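Report on one structure; see the data block that follows.
Residue numbers (the working numbering), protein chains in the order written: chain A, 1 to 373; chain S, 1001 to 1317; chain R, 2001 to 2466.
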């Protein structure tokens, strides 16, 4: 750039041209990208295109595309008059998330709430009939009771085991990564794989129908007993199913909590040790309070997941005769198998309402955390 | 300037930790710790070992004897076979299904992260009306079972939406396209992503943000050049979870992409091995390990980001 | 700074120009061309999910040929592969479109989602009971709309079968497959060696069972477990017996709910079922254990030496669960379930249903070829198949599998004499047919003969009132 100072008029013209060129540049970039993008999308739809090329362009489009969108929006905000610029900016940051959520989650939620007041085909208005069903039908009541069990037991065990394991593994000098990876491994198994896995544990064959291929019965028979149909033993079968979820989800809790533990400054822990505190007191009065926000996050996630559990219960036997119904499984059954849109929607709405206490708890913690800053 | 300071603070922290461990030898790595961990890991591995063993056994043997019996006679070669893996891999179009899975999983992981990171930053460090309400709404949306969303979204994709004659959502014909499924996975993954990332970004020390603002950086720059590099552990953690979830997903892929040869993903290809009546269930054991391979590789490679701290205690004060 | 900006804009404009260059064909491609405006009209009302669908689309085959047809099926993998080959040979090679068969594990869910979401071409539906709900919501297209002549179809496929897809005067399902259910399997070699004779009446069947008990063994192997669908084999038993005690016309009334579920006729069938299940020593493992035995494991004991059980009542697909070493007609064989007071034959099958997305000329052409004699005969020739063609022109010689050949003979007779009936639980509303009927049958065998009244009443109470 030249060193000489230009007269004010020319400076203003320079500035305006610069802005104008910037505007054109950004708009052109957006359009170019848009067209390129749509052409790429058509390319992706072409059945005969080279697969690898398609994958690469899909990845490129997905990754670069998003960043360009944000960048472009941020540029647009810069053009706004100074007064509203910083006021508008947060909405740019939050905007895409809210828009996507509105389309993909909020709209279906509202849709569901409307259907919950209608009949089996989602057409005629029936008022609160479906809700009456949810709270009086004996199978639904069992489902509510069981879900409450899942919501309490699974997060309790998963977070405790995850926290304990993370704390202990932190002490290992070697082998920590391996130990954590092995606990994490079940998360990598798809649900279908998990179903087969536990089939090999819980499988039952009465005598005469062949030897038992399930581990539990193998052990039980080895102790001299007759084989047992574990998944039909009420109410223990609920616990057996919960084991599956704990097995799969503890890895998540452990990984997240482990990272939080590692972030605690060692000075604090060392200071406590020097003061003569036992490991347990350190854990209780130093570690846990330091990572409390993370514990809240992990617990919230586990609780919500337990509320939504469906696959495990749906696939492992007839939930109604086994007494293992849960809310989400009933919802799917009413919606897709028995084709009663209204009831299924009502069950879903009950699920939405049940998450409100969790949200309230989070808001409180959220505010506390911000106040501490 | 602030970045350099942060960098320096990170390194000595890790070295200091090592030293501390060694001087406090009594509690670290003691036999109590080692045994407890070994026991827990052993119990945890039992189901997985069962699947692994079964995946190498012949169908006849799997159906007739328990998998633990192999420990009694591990060298009976007639019982071992690679046939299960051969069948699973030989299922038509496996390579194409693998590529499709990648084409779905990678953008479906990256897009939500980018969008959620921006939103998480805004919820943590920008002030605007309704941020508490909006955030709590996002958290609450985690409970929505995605099955309730499938049909409304599918309708939107195939024919758009009109409200009283006014076209509210254009008819984009997104069903069966990759963009459609990326958006769907983004929508389903955003609540958790925003939740996790907000927790992390919100606990970054405010001093860093404030000093950057004093230096004259605007929010976009602070976010892009300061917060994102600091949040790599959180981003990596969520990336793993989202990747796993999308990679192992069957339902969303089936609904939005379809089960035809050209667009189906691995989970569908492998699930098709087993009939709707479940005769070939033993094939699922080898299928499970095959489809687990890539996510585990991703986990191992991203693992090193975990050890540095998901909540930013590393730069406290 | 300014120079950089100018460079950026020039570069973008260049990109823009390049992209625009091949925009002509893309311009048409970005707007949906597949769904013609006429068929789009009913779809746009689905955004307001509350609006009831009035009449099915009036156009026939509206929409352009997209070159692709997708058939959603609940089939087994070996079958599906074989059928794809047949389609490739006989259809894809001769036409300008490509038909692909896709099998779905959770068929009901996928079918619902795709039909309601508007992405369904054709689905081979094993439960015709799902048709009324979908037809009312306007999510499936009637055969009349697509230009099919119902009288021709009745002649080709049997009127009673075509009638199963009827709703409100229009037909929505095209029969494409049948399988026989009233089969009793037995271990032939051991059976003959023990001197037993194949029974031809119910009394003989009971006498045979008593004989086997007296000889120190157990006659029946029964298993009802099936994951989330546990209980469906028990409903097959009830239906088979109902046909034979109450007869075809009462059976029809039962299906249509013209008689209540706890009608004395149904109760009588339940008691006969109980006779098999609860008589001491009849069922291996005892009746209360049957809901925990996987239906695929159930016939296993028949193949031991000596057989631990001798009789297994199950549909034609069950032989894919038998040991690979067992040979049909040698190690095992089957006889039709004997009549009781009446003759009867229970069958199930598939009706092909077309979704709103499938109202296109190539889909209609595919359907016509699908039911044609050459394709159906070729499908019967697949060894791994358990399907029989509903096309009356397909003869026994088409079936590679002699079990199927014999079964097809029985079916054709049953259809001709009017004693054949479709599986009731697949015809009843899903809440009953895939819900309370299954669970109450399981409760019945677990709780014993006294529970029958309660079971039937519970099912009756659960019948949807609309």
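The C-beta atom is built at its ideal place from N, Cα and C for all residues, glycine as well.
Please read all numbers here as calculations on a predicted model, not as lab measurements.
So with CB distances below 8 angstroms, who are the chain A contacts of residue i?
| i | result |
| --- | --- |
| residue 951 of chain S | The structure shown does not extend to residue 951 of chain S, since chain S is modelled only from 1001 to 1317, so the question has no answer here. |
Under the rule that 16 or more other beta-carbon atoms within 10 Å means buried, what is residue i, buried or exposed?
| i | result |
| --- | --- |
| residue 127 of chain A | exposed |
| residue 169 of chain A | buried |
| residue 333 of chain A | buried |
| residue 285 of chain A | exposed |
| residue 2209 of chain R | buried |
| residue 1074 of chain S | exposed |
| residue 1041 of chain S | buried |
| residue 1221 of chain S | exposed |
| residue 180 of chain A | buried |
| residue 132 of chain A | exposed |
| residue 1173 of chain S | buried |
| residue 2291 of chain R | buried |
| residue 2028 of chain R | Bear in mind that the predicted position of residue 2028 of chain R carries a pLDDT of just 33, short of 50, making it unreliable; the figure below should be weighed with that in mind. Exposed, since its Cβ has fewer than 16 Cβ neighbours within 10 Å. |
Consider the Cβ of residue i: report whether some Cβ of chain S lies at a distance smaller than 8 angstroms.
| i | result |
| --- | --- |
| residue 2455 of chain R | no |
| residue 302 of chain A | no |
| residue 2139 of chain R | no |
| residue 2435 of chain R | no |
| residue 2362 of chain R | no |
| residue 2077 of chain R | yes |
At least one CB of chain R closer than 8 angstroms to the CB of residue i: is that the case?
| i | result |
| --- | --- |
| residue 2 of chain A | Any reading at residue 2 of chain A must be qualified, since the residue scores a pLDDT of 49, below 50, and its modelled position is unreliable; no value is offered. |
| residue 1196 of chain S | no |
| residue 1058 of chain S | no |
| residue 1086 of chain S | no |
| residue 120 of chain A | yes |
| residue 1322 of chain S | Only positions 1001 to 1317 of chain S appear in the structure, and residue 1322 of chain S is not among them; the question remains open. |
Using a beta-carbon distance below 8 angstroms, is residue i in contact with chain A?
| i | result |
| --- | --- |
| residue 2230 of chain R | yes |
| residue 1008 of chain S | The predicted position of residue 1008 of chain S is uncertain, since its pLDDT is 34 and thus under 50; a value taken from the coordinates is nonetheless stated next. Closer than 8 angstroms: no. |
| residue 1229 of chain S | no |
| residue 1285 of chain S | yes |
| residue 1225 of chain S | no |
| residue 1188 of chain S | yes |
| residue 2391 of chain R | no |
By the criterion of Cβ-Cβ separation under 9 angstroms, what are the contact partners of residue i in chain S?
| i | result |
| --- | --- |
| residue 2110 of chain R | 1251, 1254, 1255 and 1259 |
So which residues of chain R does residue i contact, with C-beta pairs closer than 9 angstroms?
| i | result |
| --- | --- |
| residue 1269 of chain S | Correct list: empty, because the minimum Cβ distance to chain R is about 11 angstroms. |
What residues from chain R crowd round residue i, counting only those whose CB sits closer than 8 angstroms?
| i | result |
| --- | --- |
| residue 317 of chain A | 2225, 2227, 2228 and 2230 |
Name, please, each residue of chain S whose Cβ falls closer than 8 angstroms to the Cβ of residue i.
| i | result |
| --- | --- |
| residue 307 of chain A | 1143 |
Since residue i meets chain A, which of its residues come closer than 9 angstroms, beta carbon to beta carbon?
| i | result |
| --- | --- |
| residue 2292 of chain R | 204, 205, 206, 229, 231, 232 and 317 |
In chain S, what lies closer than 7 angstroms to residue i by C-beta?
| i | result |
| --- | --- |
| residue 2119 of chain R | 1154, 1158 and 1175 |
| residue 182 of chain A | 1041, 1044 and 1045 |
| residue 224 of chain A | Chain S residues near residue 224 of chain A: none, gap ~16 angstroms exceeds 7 angstroms. |
Beta-carbon of residue i versus every beta-carbon of chain C: anything under 8 angstroms?
| i | result |
| --- | --- |
| residue 7 of chain A | No chain C appears in this structure, whose protein chains are A, S and R. |
Quick one: list the residues of chain R neighbouring residue i, beta-carbon separation under 7 angstroms, in chain order.
| i | result |
| --- | --- |
| residue 110 of chain A | The contacting residues do not exist; residue 110 of chain A stays about 11 angstroms from chain R at best. |
### Message
Does the structure place the segment 2212 to 2232 of chain R close enough to the segment 2354 to 2369 of chain R that three or more beta carbon pairs sit under 8 angstroms?
### Response
Note that the segment 2354 to 2369 of chain R does not touch the segment 2212 to 2232 of chain R; fewer than 3 beta-carbon pairs, one per stretch, sit closer than 8 angstroms.
### Task
Please confirm if the segment 2307 to 2326 of chain R is in contact with the segment 2135 to 2151 of chain R, defined as three or more CB-CB distances below 8 angstroms between the two stretches.
no
### Task
Please confirm if the segment 2304 to 2323 of chain R is in contact with the segment 2105 to 2119 of chain R, defined as three or more CB-CB distances below 8 angstroms between the two stretches.
Too few Cβ pairs lie closer than 8 angstroms, so no.
#### Entry: Minimum length 4: unbroken alpha helix (DSSP H) runs contained in the segment 2294 to 2368 of chain R
none
#### Entry: contact_flag[the segment 2444 to 2456 of chain R, the segment 2139 to 2155 of chain R] where n(CB pairs < 8 angstroms) is 3 or more
no
### Task
Please confirm if the segment 227 to 238 of chain A is in contact with the segment 317 to 332 of chain A, defined as three or more CB-CB distances below 8 angstroms between the two stretches.
Look at the beta carbons and you see the segment 227 to 238 of chain A touching the segment 317 to 332 of chain A: at least three pairs across the two are nearer than 8 angstroms.
### Message
For a minimum of 4 consecutive residues, which ranges assigned as the alpha helix (DSSP H) are wholly contained in the segment 2121 to 2187 of chain R?
### Response
2131 to 2136, 2143 to 2146, 2150 to 2157 and 2159 to 2163
### Query
Given 8 angstroms as the limit, is there contact between the segment 246 to 259 of chain A and the segment 156 to 173 of chain A, that is, 3 or more CB pairs closer than that?
The answer is yes - the segment 156 to 173 of chain A touches the segment 246 to 259 of chain A, with three or more Cβ pairs under 8 angstroms.
### Query
Where are the alpha helix (DSSP H) runs, 4 residues long or more, that stay fully inside the segment 1252 to 1301 of chain S, in chain order?
List check, alpha helix (DSSP H) in window: 1266 to 1271.
### Message
Quick test of the definition: if touching needs 3 or more C-beta pairs under 8 angstroms, does the segment 1109 to 1129 of chain S touch the segment 334 to 350 of chain A?
### Response
no
### Query
So does the segment 2117 to 2134 of chain R actually touch the segment 2385 to 2393 of chain R, counting three or more Cβ pairs closer than 8 angstroms?
no
### Task
Let me know the alpha helix (DSSP H) ranges lying completely inside the segment 142 to 212 of chain A, each 4 residues or longer, listed in chain order.
176 to 188 and 191 to 202
### Message
Tell me whether the segment 298 to 307 of chain A and the segment 1136 to 1151 of chain S touch, counting them as touching only if at least three CB pairs, one residue from each stretch, are closer than 8 angstroms.
### Response
Here the segment 298 to 307 of chain A lies against the segment 1136 to 1151 of chain S, with 3 or more beta-carbon pairs under 8 angstroms apart.
### Query
Would you say the segment 2325 to 2336 of chain R touches the segment 2245 to 2258 of chain R, given that touching needs at least three Cβ pairs under 8 angstroms?
Taking 8 angstroms as the limit for Cβ pairs, the verdict is that the segment 2245 to 2258 of chain R does not touch the segment 2325 to 2336 of chain R.
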